[in-house]
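Protein sequences, first through last, are from chains P and D.
Its first residue numbered 1, the first sequence is counted upward by one per residue in my numbering.
Its first residue numbered 324, the second sequence is counted upward by one per residue in my numbering.
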Amino acid sequence: MLKNVLTLDCKQQAERICSFIRRQTQALKREGAVVGLSGGVDSALIAALCVEALGKDRVLGLILPEKESSPDSCKFAEKHALKLDINTETVEITSPLEAFGTYKKRDEIIKQFFPEYNKDYKIKIVLPPDLLGQDAFNLFRLITKDGKGNIRSVRLNKAALNGIVAATNTKQRMRMLHLYFYAEKKNYLVGGTTNKSENMQGFFVKYGDGGVDIEPIAHLFKTQVYQLAEYMGVIREIIERKPSPDTYSLPVDDEEFFFRMPFDTLDLLLYAWENKLPLADICAVMELSEEQVKRAFRDFTAKSNASRHARKMPPTLEAENGK
Amino acid sequence: MPEDTKKILKDFIRDSFLPFAEENPFEDEDSFMEKGMINSTGVLELLQFIEETFEITVEDEEVIPDNLDSLNKLVSFVERKTNA
Chain P
1 MLKNVLTLDC
11 KQQAERICSF
21 IRRQTQALKR
31 EGAVVGLSGG
41 VDSALIAALC
51 VEALGKDRVL
61 GLILPEKESS
71 PDSCKFAEKH
81 ALKLDINTET
91 VEITSPLEAF
101 GTYKKRDEII
111 KQFFPEYNKD
121 YKIKIVLPPD
131 LLGQDAFNLF
141 RLITKDGKGN
151 IRSVRLNKAA
161 LNGIVAATNT
171 KQRMRMLHLY
181 FYAEKKNYLV
191 GGTTNKSENM
201 QGFFVKYGDG
211 GVDIEPIAHL
221 FKTQVYQLAE
231 YMGVIREIIE
241 RKPSPDTYSL
251 PVDDEEFFFR
261 MPFDTLDLLL
271 YAWENKLPLA
281 DICAVMELSE
291 EQVKRAFRDF
301 TAKSNASRHA
311 RKMPPTLEAE
321 NGK
Chain D
324 MPEDTKKILK
334 DFIRDSFLPF
344 AEENPFEDED
354 SFMEKGMINS
364 TGVLELLQFI
374 EETFEITVED
384 EEVIPDNLDS
394 LNKLVSFVER
404 KTNA
């Protein structure tokens, strides 16, 4: 039963979400929706749902590449938009990021570890793989690849990790600025693309991709996003692509960057964790040991706690006092 | 040495991860992760501290809960490393 618990009735689900989008657009007195098309499955699905809910003439797709984005991101986003027959704007955000100092601030940190680092290098940060296979803390490493293809890695320290993440998160925040510029200009709302697997564990940037007006798929696990994406006709290239934050110059997928297990396993465990299912049942159905399940739950708890603030409005004294 | 090590580590953990907490916010056996005391940056901070303070090198393979996820485990680990 647990194995099938995340299977969607896609028709009913699409109708439910489209109705939500229409209600919210009306409630916010907006005339349409802007969606940032990343070339990934979540934003592709949101664009398709917005078209279904509001009509293609009331949806604007924004494509916001920067110099370190995968070329596929732009290509797939454009192809999907063409299929949906929606208007798009493509805005290169490398210049504003350079003006802010995104790359410079990050590269200065990398040079502390690799003084010879230069523009030919590509980088990413990753966590230890396979949480279920081997217990390990969430220990971030910086991976570099030089112009000749030599790969090296180093464990980061706290200041370096925080600095690299802070600099990199300006990419999502720069995109948010652009989304709201177009949204306000056209009196549209900004459609969010965060799914439940991401939302529960804080895999989004506060005031970046988390800075939106509505979150139509925040109740769907990633594996359910794929089911609905198939149903809504998201293009094959996007569905078959490995999900990635696409914010580092070396390819990095969501699993190695954050989740540490495949989405089909992750989503079932998240469901079991959220619904407090009996440990013995989970182990039996998923063929995992108690230790593995507890390890996953410990990781979920840690990530959920660490990101709680990002899911809430800023605290106020009145709210704290229950008013 | 053991008491010194324990006090140094306990003070560091309290000051770094629970700076506004009351006098004894955690027990020696408490899991840092289960109590929500340590996150991914906290682990890096802890590693840097023990490497610099006790002049040891901690390999990635050693950064596991069995070695680091309570004050008692941490003390044992540091003692093993400094005596090695």
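Quick reminder that beta carbons are idealized off the backbone N, C-alpha and C, glycines included.
All values reported here derive from a predicted model rather than from experimental measurement.
Return the chain-ordered list of same chain residues with a C-beta closer than 6 Å to the C-beta of residue i, the five sequence neighbours on each side being excluded.
i	result
Met324(D)	Only weak support is given to the placement of Met324(D): the predicted model assigns it a pLDDT of 47, under 50, and the value that follows is read from those uncertain coordinates. Nothing meets the Cβ criterion.
Phe355(D)	Ile361, Asp392
Tyr117(P)	Ile110, Lys111
Lys404(D)	Ile379
For residue i versus residue j, is the C-beta spacing smaller than 7 Å?
i	j	result
Gln224(P)	Leu8(P)	yes
Gly210(P)	Asn169(P)	no
Ile373(D)	Asp135(P)	no
Gln201(P)	Ser73(P)	no
Tyr121(P)	Asp146(P)	yes
Met174(P)	Leu97(P)	yes
Ser329(P)	Asp246(P)	Residue 329(P) lies beyond the residue range present for chain P, which begins at 1 and ends at 323; the question has no answer from this structure.
Ala33(P)	Gly191(P)	yes
Phe343(P)	Glu237(P)	Summary: the structure shown does not reach residue 343(P), with chain P confined to residues 1 through 323, and so no result is reported for it.
Lys167(P)	Thr102(P)	Here the sequence assigns Ala to residue 167(P), which means Lys is not the residue at that position. Yes. Within cutoff.
Quick one: what's got a C-beta closer than 7 Å to residue i's C-beta in the same chain, skipping five residues either side?
i	result
Leu84(P)	Ala47, Ala48, Val51, Lys56
Asp353(D)	Ser393
Asn390(D)	Lys396, Phe400
Rounded to the nearest angstrom, how far is the Cβ of residue i from that of residue j, given a contact under 8 Å?
i	j	result
Ile110(P)	Lys124(P)	That pair is no contact at about 11 Å.
Ile86(P)	Ala53(P)	Not quite, the Cβ-Cβ distance comes to about 13 Å (not below 8 Å), so this is no contact.
Glu66(P)	Lys171(P)	6 Å
Glu31(P)	Tyr188(P)	6 Å
Ordered along the chain, which non-local residues of its own chain (more than five positions away) have a Cβ less than 8 Å from that of residue i?
i	result
Phe140(P)	Ile125, Val126, Leu127, Arg155, Leu156, Leu161
Leu279(P)	Glu290, Val293, Lys294
Ala218(P)	Gly192, Thr194, Asn195, Lys196, Asn199
Is it buried or exposed, residue i, if we count other Cβ atoms within 10 angstroms and call 16 or more buried?
i	result
Ile151(P)	exposed
Ala296(P)	buried
Met313(P)	exposed
His309(P)	exposed
Lys276(P)	exposed
Ser244(P)	buried
Phe343(D)	exposed
Asn138(P)	buried
Counting only beta-carbon separations shorter than 7 Å, does residue i have a partner in chain B?
i	result
Ile387(D)	The structure shown has no chain B; the protein chains it does contain are P and D.
Check your understanding: At a Cβ cut of 7 Å, what residues of the region 156–179 of chain P count as close to chain D, listed as they run along the chain?
Key -> Leu156, Asn157, Lys158, Leu161, Asn162
Review point. Any residues in the region 338–367 of chain D with a beta carbon nearer than 9 Å to a beta carbon of chain P? Which ones, in chain order?
Key: Ser354, Met356, Glu357, Gly359, Ile361, Asn362, Ser363, Thr364, Gly365, Val366, Leu367
Point to revise | Under 7 Å (Cβ pairs) to chain D, residues found in the region 121–143 of chain P | key: Asp135, Ala136, Phe137, Asn138, Leu139, Phe140
Point to revise | Positions along the region 275–307 of chain P whose CB lies within less than 9 Å of some CB in chain D | key: Arg295, Arg298, Asp299, Thr301, Ala302, Lys303, Asn305, Ala306
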